[in-house]
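Below is one structure, written out as structure tokens; the observations come after it.
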Amino acid sequence: MLNYILSRLLTFVPTFIGVTIISFGFIRVLPGDPIVVMAGERGLSAERYEQLSAQFGFDRPIYVQFWDYLSGVIQGDLGNSFVTKRPVWDEFFALFPATLELSICAMIFALALGLPAGVIAAVNRGKLFDRALMSTALVGYSMPIFWWALLLIIVFSGNLGWTPVSGRIDLLYYFPDPSGFMLYDSIFSGQTGAFRSALRHLVLPTVVLGTIPLAVIARQTRSAMLEVLGEDYIRTARAKGLSAGRINGIHALRNALIPVITVIGLSVGTLLAGAILTETIFSWPGIGKWMVDSIFRRDYPVVQGGLLLIAVMVMIVNLTVDMLYGIINPKIRKR
Amino acid sequence: MSIKLNLAAGLLLTALGVSAASAQTLVYCSEGSPEGFDPALYTAGTTFDASSHPIYDHLTEFKVGTTEVIPGLAESWDVSEDGKTITFKLRQGVKFHANDLFTPTRDFNADDVIFSFDRQGNSENPYNQVSGGTWEYYSGMSMPDLVESIEKVDDYTVVFHLTRPEAPFIANMAMDFASIVSKEYADAMLEAGTPEMLNQKPIGTGPFALQAYQKDAVIRYLRHDGYWGDKAKVQSLIFAITPDASVRYQKVQAGECHVMAYPNPADVQAMKDAEDIVVMEQEGLNVGYLAYNTKVAPYDNPKVRKALNMAIDKQAIIDVVFQGSGQIAKNPLPPTMWSYNEAVQDDAHDPEAAKAMLAEEGIDGLDMKIWAMPVQRPYNPNARRMAELMQEDLSKVGVNVEIVSYEWGEYLDRSKAEDRDGAVLLGWTGDNGDPDNFLAVLLGCDGVGASNRAQWCHKPFDDLIQQAKVLPTQAERAPLYEQAQVIFKEQAPWATIAHSVVYMTMRPEVEGYVVHPLGGHIFNQVGLSQ
Numbered sequence: 001m002l003n004y005i006l007s008r009l010l011t012f013v014p015t016f017i018g019v020t021i022i023s024f025g026f027i028r029v030l031p032g033d034p035i036v037v038m039a040g041e042r043g044l045s046a047e048r049y050e051q052l053s054a055q056f057g058f059d060r061p062i063y064v065q066f067w068d069y070l071s072g073v074i075q076g077d078l079g080n081s082f083v084t085k086r087p088v089w090d091e092f093f094a095l096f097p098a099t100l101e102l103s104i105c106a107m108i109f110a111l112a113l114g115l116p117a118g119v120i121a122a123v124n125r126g127k128l129f130d131r132a133l134m135s136t137a138l139v140g141y142s143m144p145i146f147w148w149a150l151l152l153i154i155v156f157s158g159n160l161g162w163t164p165v166s167g168r169i170d171l172l173y174y175f176p177d178p179s180g181f182m183l184y185d186s187i188f189s190g191q192t193g194a195f196r197s198a199l200r201h202l203v204l205p206t207v208v209l210g211t212i213p214l215a216v217i218a219r220q221t222r223s224a225m226l227e228v229l230g231e232d233y234i235r236t237a238r239a240k241g242l243s244a245g246r247i248n249g250i251h252a253l254r255n256a257l258i259p260v261i262t263v264i265g266l267s268v269g270t271l272l273a274g275a276i277l278t279e280t281i282f283s284w285p286g287i288g289k290w291m292v293d294s295i296f297r298r299d300y301p302v303v304q305g306g307l308l309l310i311a312v313m314v315m316i317v318n319l320t321v322d323m324l325y326g327i328i329n330p331k332i333r334k335r
Numbered sequence: 336m337s338i339k340l341n342l343a344a345g346l347l348l349t350a351l352g353v354s355a356a357s358a359q360t361l362v363y364c365s366e367g368s369p370e371g372f373d374p375a376l377y378t379a380g381t382t383f384d385a386s387s388h389p390i391y392d393h394l395t396e397f398k399v400g401t402t403e404v405i406p407g408l409a410e411s412w413d414v415s416e417d418g419k420t421i422t423f424k425l426r427q428g429v430k431f432h433a434n435d436l437f438t439p440t441r442d443f444n445a446d447d448v449i450f451s452f453d454r455q456g457n458s459e460n461p462y463n464q465v466s467g468g469t470w471e472y473y474s475g476m477s478m479p480d481l482v483e484s485i486e487k488v489d490d491y492t493v494v495f496h497l498t499r500p501e502a503p504f505i506a507n508m509a510m511d512f513a514s515i516v517s518k519e520y521a522d523a524m525l526e527a528g529t530p531e532m533l534n535q536k537p538i539g540t541g542p543f544a545l546q547a548y549q550k551d552a553v554i555r556y557l558r559h560d561g562y563w564g565d566k567a568k569v570q571s572l573i574f575a576i577t578p579d580a581s582v583r584y585q586k587v588q589a590g591e592c593h594v595m596a597y598p599n600p601a602d603v604q605a606m607k608d609a610e611d612i613v614v615m616e617q618e619g620l621n622v623g624y625l626a627y628n629t630k631v632a633p634y635d636n637p638k639v640r641k642a643l644n645m646a647i648d649k650q651a652i653i654d655v656v657f658q659g660s661g662q663i664a665k666n667p668l669p670p671t672m673w674s675y676n677e678a679v680q681d682d683a684h685d686p687e688a689a690k691a692m693l694a695e696e697g698i699d700g701l702d703m704k705i706w707a708m709p710v711q712r713p714y715n716p717n718a719r720r721m722a723e724l725m726q727e728d729l730s731k732v733g734v735n736v737e738i739v740s741y742e743w744g745e746y747l748d749r750s751k752a753e754d755r756d757g758a759v760l761l762g763w764t765g766d767n768g769d770p771d772n773f774l775a776v777l778l779g780c781d782g783v784g785a786s787n788r789a790q791w792c793h794k795p796f797d798d799l800i801q802q803a804k805v806l807p808t809q810a811e812r813a814p815l816y817e818q819a820q821v822i823f824k825e826q827a828p829w830a831t832i833a834h835s836v837v838y839m840t841m842r843p844e845v846e847g848y849v850v851h852p853l854g855g856h857i858f859n860q861v862g863l864s865q
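First to last, the sequence lines map onto chains A and B.
Number 73 in this note's numbering belongs to position 73 of the first sequence; there are no gaps in the numbering.
Quick note, this note's numbering runs 335 ahead of the 1-based positions in the second sequence.
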């Protein structure tokens with residue numbers, strides 16, 4: 001197992017270098033000069049432009065700029081945002097807990113409903129429940145997030161008044177030194193009602209962000225289960241007289257999980273993409289909106305630093321998924 | 336309890352009241368995060384709403400709801416005969432805020448004023464490079480050329496020596512970049528090795544002190560009880576950062592916020608109809624225009640420009656592009672600006688007459704480019720759509736329009752070129768409530784090749800605005816600007832399109848809110864009824 005993990009870790013190195021180059025290059029390939037964008041309609045004189053260009057270091061050759069960036073990255077310095085003038089690192093870690101908390105909740109929501117739904121659909125293949133479930137999943141998968149979120153807000157917050165419209169916690173609650181994880185902060189704040197308020201604020205964003213992964217997981221579980229249920233060893237198990245619950249739950253599901261876990265790993269990308277819209281609508285202070293704003297403003301340090309950090313997160317998730325394969329299927333780790 | 340169960344429990348819990356705050360807390364749903372809290376470093380209105388207005392004072396202030404300049408931290412001022420020396424008498428007994436890093440030991444004085452400007456203009460000042468300071472507004476308002484020196488006469492008297500007389504200078508002192516920061520705090524932070532705290536944990540003299548800021552989520556302020564002027568009406572002020580306009584409206588309806596800015600134009604009618612929602616409106620201090628390139632034939636001919644203007648159906652643009660949240664512009668100045676010339680007649684929409692005028696000038700089958708901005712602005716919410724409407728209008732007078740666009744940075748850059756091919760859609764939002772800030776910047780000879788997108792240098796017009804700039808009083812300056820607007824209309828370097836209408840949406844318990852023509856959202860004297 002250790003060798004397996006080490007070999008996986010080694011693949012990190014070239015990927016990391018690749019991501020560094022791409023994140024540096026990506027924003028610079030886009031047309032639009034950050035200084036001109038910053039000045040807006042007001043514009044600025046040629047001298048002033050030169051001055052700012054020198055201040056930001058744009059007057060140096062591109063490979064020098066890249067080298068600066070790379071050596072910064074190695075030392076853990078991602079530079080300062082052009083816009084807020086604050087270190088990219090600080091901004092990322094101030095916002096990332098919000099995205100992480102929401103993503104974890106959305107994933108738990110998707111798994112908690114998607115796995116059983118997929119198994120039940122597979123076992124009842126072709127029956128009414130299966131068809132209803134799979135059509136619903138298709139709808140969920142195709143739902144525009146923006147529209148879905150507004151619909152839920154109007155119904156549950158506007159008409160029914162069950163959930164708050166947006167934000168992470170009621171404004172009454174104030175934690176002087178937050179960890180950024182609202183559920184955690186609210187429990188340890190000792191303020192009555194804070195945890196409940198944080199939970200209520202999580203409900204709608206979780207449902208919205210979890211909808212697409214839920215649909216994908218349900219469909220993937222169903223098709224993986226169907227494949228496994230047709231295998232010889234399942235027939236053998238049935239012939240041995242094992243209960244349906246034991247066959248489906250242990251023999252079939254465990255083997256069906258490999259493709260499902262792959263999908264879960266890939267869903268991390270979907271979650272981050274979905275987070276951009278979900279965060280905007282629910283005023284959720286995470287990294288999705290931060291990145292989009294930075295691209296529009298041509299805030300080079302934020303875009304390249306943010307991309308790099310997100311890529312590293314995705315790489316860590318993929319590594320975890322690879323390790324899970326190994327745990328679920330011993331054949332993989334021996335390869 | 337597992338997280339799953341908790342979630343289920345959360346789903347099942349029905350709400351109590353959703354009101355976020357007591358009558359002592361005013362919640363404003365703002366549209367975005369401030370870039371920081373030192374206004375001099377930035378240029379965005381969202382940043383000024385969160386910093387310059389609640390936290391800081393200025394030597395002079397704009398009386399809220401007007402462009403009139405009134406005393407602020409300067410109790411009075413005196414302009415010398417030649418207009419080049421301005422003496423400010425400072426207010427005494429003004430207290431700065433305190434925070435966990437700093438407690439002031441002295442009141443506001445001349446050192447704070449000098450520091451606030453010196454750091455922006457003097458590259459030797461230790462704060463000049465702090466936080467990557469580019470001081471865009473300071474240089475944008477030509478302050479480096481204008482201010483020769485600043486002199487402290489005594490603790491409560493400061494003299495600005497200018498290189499030339501400049502009437503808008505007093506109004507410039509009320510602008511956001513001219514916020515007065517604490518020199519004592521700056522020195523303390525420099526010594527502690529954390530000068531960036533000046534921007535992150537601001538100390539000002541304003542009616543509210545910053546309590547806490549969580550990026551993209553919430554900004555909290557507490558009333559500054561030692562404030563020298565009229566104290567704030569509420570104990571605390573909260574900005575709930577809510578980027579989506581529909582969500583902001585939902586929050587106001589649900590009572591999660593009291594006030595919101597920038598509603599969707601499509602929602603405004605429903606808001607006006609709703610019983611428990613108050614909508615205020617005012618023309619914005621802006622103008623959206625189509626600038627011809629007056630250096631390139633046939634647009635160098637005023638009659639051709641006039642004819643093209645007559646071909647454009649502005650009412651259709653207001654209806655379609657602004658969805659009612661705009662007003663037809665006839666002058667380059669917005670109607671809330673002093674010296675706005677009400678008497679000027681707009682060009683009538685008359686395609687037949689336009690066609691005849693073009694024929695008179697020997698123009699038949701003209702090919703023309705219109706540049707459409709790639710971004711939304713209050714003065715132009717959808718430039719592409721606007722250009723399409725113009726394309727259709729102009730086709731009726733035999734002008735064949737091609738619409739072009741570039742990425743925003745490219746657009747701003749390329750549209751400055753003196754040999755630019757085509758007319759450009761653009762606009763402007765005023766800074767200091769002074770007509771000079773529109774007419775000189777956008778139409779003066781100095782702006783050719785830069786902010787004067789029409790590349791229009793017309794001596795009779797330029798003489799008037801240069802003359803008006805150095806006269807001491809509004810009463811003397813206004814007639815010259817009025818005359819300049821008449822010349823502008825005759826010469827037609829632009830088709831003036833629209834001024835936006837600014838809406839503010841609030842709950843009925845909000846008291847004393849005034850829409851500010853300069854665009855800021857100011858809550859210093861806003862209260863809540865019980």
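A virtual CB, placed ideally from N, CA and C, is assigned to each residue, including glycine.
Note that the structure is predicted; figures quoted are calculated from it, not measured.
Query, Result
"Which residues of chain B have a Cβ atom closer than 7 Å to the Cβ of Ile281/A, listed in chain order?", "Asp579, Val582"
"Give the DSSP-derived three-state secondary structure of Met692/B in the structure shown.", "helix"
"Can you pull the DSSP bridge partners for Ser411/B?", "Lys424/B"
"Assuming Ala689/B contacts Ala789/B (C-beta within less than 8 Å), just tell me the rounded distance between them.", "Not confirmed; about 19 Å, so no contact."
"Using beta-carbon positions only, say whether Ile145/A and Thr211/A come within less than 9 Å of one another.", "yes"
"Could you name the residues that DSSP lists as bridge partners for Cys364/B?", "Ala575/B, Met595/B"
"Report, in whole angstroms, the separation of the C-beta atoms of Thr382/B and Pro374/B, which I expect to be a contact under 8 Å.", "7 Å"
"What does Leu376/B touch in chain D if you count any residue whose Cβ is under 8 Å from its own?", "Going by chain labels, chain D is absent from the structure shown, which instead holds the protein chains A and B."
"So what does DSSP say about Ser835/B, is it helix, strand or coil?", "strand"
"Going by beta-carbon coordinates alone, are Arg325/B and Val569/B separated by less than 9 Å?", "Summary: the structure shown does not reach residue 325/B, with chain B confined to residues 336 through 865, and so no result is reported for it."
"What residues in the region 528-556 of chain B bring their beta carbon closer than 9 Å to a beta carbon of chain A?", "Glu531, Asn534, Gln535, Gln546, Ala547, Gln549, Lys550, Asp551, Ala552, Val553, Arg555"
"In three-state DSSP terms, what is Ile698/B?", "coil"
"Just tell me which of Leu806/B, Val399/B, Pro667/B has its CA closest to the CA of Tyr624/B.", "Pro667/B"
"Could you pull the start and end residues of the alpha helix (DSSP H) that Glu47/A belongs to?", "46-56"
"May I ask you to report which of helix, strand or coil DSSP gives Tyr741/B?", "coil"
"What residues of chain A sit near Thr469/B, judged by a beta carbon separation below 8 Å?", "Met38, Leu52, Gln55"
"At 8 Å on the CB atoms, spell out the chain B contacts of Ala122/A, in chain order.", "Here the premise fails: no neighbours, minimum Cβ distance about 22 Å."
"Could you check what DSSP says for Asp286/B in three-state terms: helix, strand or coil?", "Lying outside 336 to 865, the shown extent of chain B, residue 286/B is not represented and no answer is given."
"Going by beta-carbon coordinates alone, are Ala409/B and Thr395/B separated by less than 9 Å?", "yes"
"So Phe129/A is in the alpha helix (DSSP H); what residue range does that whole segment cover?", "128-142"
"Is Glu483/B helix, strand or coil when you go by DSSP?", "strand"
"Is there a C-beta anywhere in chain A that falls below 9 Å from the one on Gln588/B?", "yes"
"Just confirm the distance between the C-beta atoms of Ser415/B and Ala596/B, as a whole number of angstroms; I'd bet it's less than 8 Å.", "Not confirmed; about 41 Å, so no contact."
"Whole angstroms are fine: how far does the CA of Leu693/B sit from the CA of Ala830/B?", "16 Å"
"Chain A partners of Trp743/B, CB-CB under 7 Å?", "Gly32, Val37"
"Met336/B by DSSP, collapsed to three states: which one?", "Because Met336/B sits at a pLDDT of 33, beneath the cut-off of 50, its placement in the model cannot be relied upon, and the following sentence gives the value as read from the coordinates. Coil, per DSSP."
"Checking the sheet assignment: what are the DSSP bridge partners for Phe16/A?", "Beta-bridge pairing links Phe16/A to no other residue."
"Identify which residue in Trp673/B, Val614/B, Ala664/B has its Cα closest to the Cα of His834/B.", "Ala664/B"
"Assess contact between the region 515-533 of chain B and the region 477-494 of chain B, defined as three or more Cβ pairs (one per stretch) separated by less than 8 Å. Is contact present?", "no"
"Does Ala356/B have its Cβ less than 9 Å from a Cβ in chain A?", "Residue placement at Ala356/B is flagged as unreliable, the pLDDT there being 44, under the threshold of 50; the coordinate-derived value follows with that caveat. Yes - at least one Cβ of chain A is within 9 Å of the one on Ala356/B."
"Tell me, which residues are paired with Val613/B by DSSP?", "Met841/B"
"Considering Pro116/A, what are the terminal residues of the beta strand (DSSP E) in which it resides?", "It is not in any beta strand (DSSP E) - Pro116/A instead sits in the alpha helix (DSSP H) that spans 88-123."
"What residues match up with Phe156/A in a beta bridge as DSSP calls it?", "DSSP output for Phe156/A lists no bridge partner at all."
"Tell me which residue opens and which closes the beta strand (DSSP E) that Arg168/A is part of.", "Run containing Arg168/A: none; DSSP gives neither H nor E here."
"Write down the C-beta distance between Gln585/B and Ile17/A rounded to the nearest angstrom, noting that I regard them as a contact closer than 8 Å.", "With 8 Å as the limit, Gln585/B and Ile17/A do not qualify as a contact, their Cβ atoms being about 46 Å apart."
"Taking the alpha carbon of Met384/B as the reference point, which residue from Met672/B, Val850/B, Cys792/B has its own alpha carbon closest?", "For the record, residue 384/B in the displayed sequence is Asp; it is not Met. Minimum Cα distance to Asp384/B is reached at Val850/B."
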